[in-house]
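Mapped onto this note's numbering, the consecutive letters of the sequence shown carry residue numbers 30 to 158. Virtual Cβ for every residue (Gly too), placed ideally from N, Cα, C. Everything below concerns the one structure shown next.
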Amino acid sequence: MQDISIEVRNLYRAIGELAYVLAKIDKSLTQVERLVFQEAIKEELGKDSWLAKDRFDMLENQGLKADLEQTYNRVMFAIRQNRLGLNEDLIERFIAVLEKVGGVSGITDEEIAIIERFREDVTKIWLNR
């Protein structure tokens with residue numbers, strides 16, 4: 030089996046970061062949110078899901094005060110830098126991860142707005158490679 034490209038590795042890390050901030054929107058990170066994230070990335074990202082988990086765990090261990098807009102912009106920058114690794118299937122898997130994490134305690138309007146914004150922005154990046 031072939032290893033994933035550097036671009037896809039970076040994309041996995043970026044989605045881990047965005048999932049962390051999405052989980053922290055309500056200012057707390059529950060054990061259930063952690064578990065849902067871990068299961069979602071295993072299911073959607075497979076054997077290389079550790080890349081997303083590593084970024085999520087690093088942010089959690091730093092106790093980072095996650096600023097949604099700054100993080101979103103940083104993630105979108107990383108996605109633009111690694112756009113050659115994007116494809117339609119990967120975008121859908123990333124959105125599935127975000128929807129699962131956002132839906133843990135009932136998805137809020139803010140979480141829906143972020144996921145929809147992500148869907149639009151990442152699709153534009155992919156289409157304009």
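Item	Value
Roughly how many whole angstroms lie between the Cα atoms of Asn-116 and Ile-154?	10 Å
What is the DSSP secondary structure of Asn-39, counted as helix, strand or coil?	helix
Alpha helix (DSSP H) containing Asn-116: first to last residue?	Asn-116 -> no alpha helix (DSSP H), and no H or E assigned at all.
In chain order, what residues of the same chain have a beta carbon less than 7 Å from the beta carbon of Ile-44, not counting five sequence neighbours either side?	Ala-81, Phe-123 and Val-126
Which residue wins for smallest C-alpha separation from Ser-57, given the options Gln-67, Gly-131, Gly-75 and Arg-146?	Gly-131
Looking at C-alpha atoms only, which residue of Gly-92, Tyr-101, Glu-72 and Glu-36 is the closest neighbour of Glu-46?	Tyr-101
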